[in-house]
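In terms of my numbering, the sequence shown opens at residue -15 and continues consecutively.
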Amino acid sequence: MARLPRVVAVGVPHHVTQRGNARQFLLTTDAERTIYLALLRQSAELRGLAVLGYCLMSNHVHLVVIPHHADSLALALKQAHGRYAAFWNASHQSSGHVWQGRFFSCPLDREHLWRALRYTELNPVRAGLVLSAETWSWSSAGAHCGSTLRPGWLEMETWDSWWTPSAWREYLSAGETEGERIEIRRRTYSGRPLGEPAFVEQLEQAIHRQLTPRKRGRPAKEVPADHEESLISPE
-15 MARLPRVVAV
-5 GVPHHVTQRG
5 NARQFLLTTD
15 AERTIYLALL
25 RQSAELRGLA
35 VLGYCLMSNH
45 VHLVVIPHHA
55 DSLALALKQA
65 HGRYAAFWNA
75 SHQSSGHVWQ
85 GRFFSCPLDR
95 EHLWRALRYT
105 ELNPVRAGLV
115 LSAETWSWSS
125 AGAHCGSTLR
135 PGWLEMETWD
145 SWWTPSAWRE
155 YLSAGETEGE
165 RIEIRRRTYS
175 GRPLGEPAFV
185 EQLEQAIHRQ
195 LTPRKRGRPA
205 KEVPADHEES
215 LISPE
């Protein structure tokens, strides 16, 4: 899938990820992660970005967010990541780019919101850092499983309307299929919405853009599925 100009749908959940430049480690200490979360909270509150979930890894971050304005996502991430880059360069006596280019994101329908949130919170489990997602201190899994206090800035109303801590813990424990992981990565890195056809059609009508890929070649011929470029990150 070719990458689209960024698709941002107001009031719709999005999965977001961004890596360190050249995959460098930029969130390795508790102090660095605490500062990052503080900057994210400040920028999200200022710019109207609701944070439903997150996971901080040593060289990248995952967020599940809902923008309340068309520019909420871009402005909040620009501010938070820009300020964090300045802090990181100063503390490491470095200069230059800290983050690798622009962030990646995709809109999510309701079902895929929960899959993307599970995918986000299972990151440290997939990486072999912990056995249980809720024991990773730097994600929203603990708050959702009821094992840690809920941060006041974490938007819980949407999650509370569907889940209980025990049900979410069971959902995390059930794990993901490889197909689900691949699809989340493909859509996030291409920017195309992840959801049922009716959801994508509603987005197209709302933002007046075509979001489904056009078939390549002559209209009379089917394009093989493996002809598409796969933009899949190893995380």
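No residue lacks a Cβ here, since even glycine has one placed at the ideal position from N, Cα and C.
Three-state secondary structure assigned by DSSP to residue i
| i | result |
| --- | --- |
| GLY4 | strand |
| TRP143 | helix |
| LEU113 | coil |
| SER123 | strand |
| TRP83 | strand |
| GLY37 | strand |
| ALA70 | helix |
| VAL48 | strand |
| SER174 | helix |
Cβ distance (whole Å) where residue i is taken to contact residue j below 8 Å
| i | j | result |
| --- | --- | --- |
| THR119 | HIS46 | At roughly 17 Å, the Cβ-Cβ gap does not stay under 8 Å, so THR119 and HIS46 are not in contact. |
| LEU40 | ARG67 | LEU40 to ARG67, Cβ: 16 Å. No contact. |
| ILE50 | LEU36 | 7 Å |
Any non-hydrogen atom of the ligand GDP closer than 7 Å to residue i Cβ
| i | result |
| --- | --- |
| LEU59 | Looking for the ligand GDP in the displayed structure turns up nothing, as the structure carries no ligands at all. |
Neighbour-count burial assignment, residue i, 16 or more Cβ in a 10 Å radius
| i | result |
| --- | --- |
| ILE166 | exposed |
Of the residues the options, the one placed nearest residue i, counting alpha carbons only
| i | options | result |
| --- | --- | --- |
| LEU10 | LEU23, SER78, ALA74, VAL82 | VAL82 |
| LEU30 | HIS53, TRP122, ILE168, TYR155 | HIS53 |
| TYR38 | ALA(-7), GLU185, LEU97, ALA151 | LEU97 |
Residue i and residue j closer than 8 Å at C-beta
| i | j | result |
| --- | --- | --- |
| CYS90 | ARG171 | yes |
| LEU133 | SER124 | no |
| GLU164 | ARG110 | no |
| HIS71 | THR1 | Here the sequence assigns Phe to residue 71, which means His is not the residue at that position. No, they are not a contact pair. |
| LEU156 | ALA117 | yes |
| ALA28 | ALA58 | no |
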